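Asks: Below are the structure tokens for one structure; questions will follow.
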Amino acid sequence: MGPTGRLRVWLPVHDNRVMPPEHLTPVPLDKAYRLLNHGPTVLVSAAHAGVVNVMAAAWACALDYTPPKVTVVIDKATRTRELIEASGRFALNLPARSMAALTVGVGTDSARTVPDKLQRHGVRTFAVDGFETPLVDGCVGWLVCELLPEPRNQEVYDLFIGQVVGAWADDRVFRDGRWHFELAPDALRTLHYVAGGQFYVTGEPLQVKPSGP
Ligand SMILES: Cc1cc2nc3c(=O)[nH]c(=O)nc-3n(C[C@H](O)[C@H](O)[C@H](O)COP(=O)(O)O)c2cc1C
């Protein structure tokens, strides 16, 4: 049995598939927005008709609490977009600091011109039973989304809206509905993209009360 209490399965869609990570823990859907609230760069994964792909996206954001929804900007030039539009599904995966070079790699190469880009950048995927969309191994948060088609947004703004139907996190850094990066190895902190291969890494917690009397 897997960490979700369900049977572990492999997706028969690409060579670098692995078992779900040991620390994978479900996140209640009403807390899923907290995986994105601090603005991490994500990896967008999608699959259709046996083809799996992954790209980087800095422009991903929470949109609603219940049911949880997210937005992500996906350029027309990307192969990932084709897979999302064809399958109606995608996942947002939160890469850790240790995956910064991989993130820039899959955000630079396109599967259109580099068909083996996942192998080239060492991307391994896994699936959780009951969810077809491949998830990226080594990440610290995962949100599986069903596309809420909004053709005008997609065409004019490259803006995709997804309803989150499954969420998980690495319980070394996210538990009880909150991140705890300060209590785990720095390699597990999330990434915030600037440009030109430069990121900031999620920093120290700051707990405050509202200002005013
Ligand atoms: C850190 C980083 C963030 C990126 N953010 C976005 C984004 O938010 N939206 C987007 O369309 N492309 C973004 N890109 C570019 C895509 O990841 C890139 O076009 C990728 O090669 C597409 O791959 P594909 O054609 O195999 O799907 C980003 C690239 C990097 C390196």
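First residue of the sequence shown? That's 1248 in our numbering, and the numbers climb one at a time after it.
Don't be surprised by glycine CBs; every beta carbon is placed ideally from N, CA and C.
Predicted model, so just to flag it, every value in this text is computed and none were measured.
#1: Apply the 10 Å Cβ neighbour rule to R1336 and answer buried if 16 or more other Cβ atoms are within range, or exposed otherwise.
#2: Would you be able to state if there are at least three C-beta pairs under 8 Å between the stretch 1270–1282 and the stretch 1420–1427?
#3: With DSSP as the reference, please indicate the residues paired to G1409 in a beta bridge.
#4: Quick one: any contact between the stretch 1435–1442 and the stretch 1328–1343, if contact means 3 or more CB pairs under 8 Å?
#5: Please return the same chain residues whose Cβ sits closer than 8 Å to the Cβ of A1434, not counting the five positions on each side in sequence.
#6: Can you pull the DSSP bridge partners for R1359?
#7: Return the Cβ separation of I1321 and T1313 in integer angstroms, given the expectation that the two are a contact with Cβ distance under 8 Å.
#8: So what does P1273 bridge to, in DSSP terms?
#9: Can you check the stretch 1294–1351 for any alpha helix (DSSP H) of at least 4 residues that lies completely inside it and give the ranges in chain order?
#10: Is it buried or exposed, D1277, if we count other Cβ atoms within 10 angstroms and call 16 or more buried?
#11: Please output, in chain order, the residues near ligand 1 using a CB cut-off of less than 7 Å to any non-hydrogen atom of the ligand.
#12: What is the rounded straight-line gap between the Cα of W1415 and the Cα of T1325?
#13: Count the other CB atoms within 10 Å of the CB of G1444; is the residue buried (16 or more) or exposed (fewer)?
#14: Can you give me the C-alpha to C-alpha distance between V1289 and A1307, rounded to a whole angstrom?
#15: If you run the structure through DSSP and keep just helix, strand and coil, what is L1282?
#16: Our contact map puts V1353 next to M1302 with C-beta atoms below 8 Å; I'd like the distance itself, whole angstroms only.
#17: Between which residues of its own chain and N1400 is the CB-CB distance below 8 Å, once the five residues before and five after are set aside?
#18: Please state whether the Cβ-Cβ distance between V1299 and L1365 is less than 9 Å.
Replies: Straight from the coordinates:
#1: buried
#2: yes
#3: V1317 and L1394
#4: yes
#5: A1343, R1344 and S1345
#6: For R1359, which the question treats as bridged, DSSP gives no partner whatsoever.
#7: With a Cβ gap of about 24 Å, I1321 and T1313 do not count as contacting.
#8: W1415
#9: 1326–1334
#10: exposed
#11: T1288, N1300, M1302, A1303, A1304, A1305, W1306, A1307, V1319, V1320, I1321, D1322, A1324, T1325, R1326, T1327, R1328, T1350, V1351, V1353, G1354, T1355, D1356, S1357, A1358, R1359, K1364, D1405 and Y1440
#12: 26 Å
#13: exposed
#14: 7 Å
#15: helix
#16: 6 Å
#17: L1406, F1407 and I1408
#18: yes
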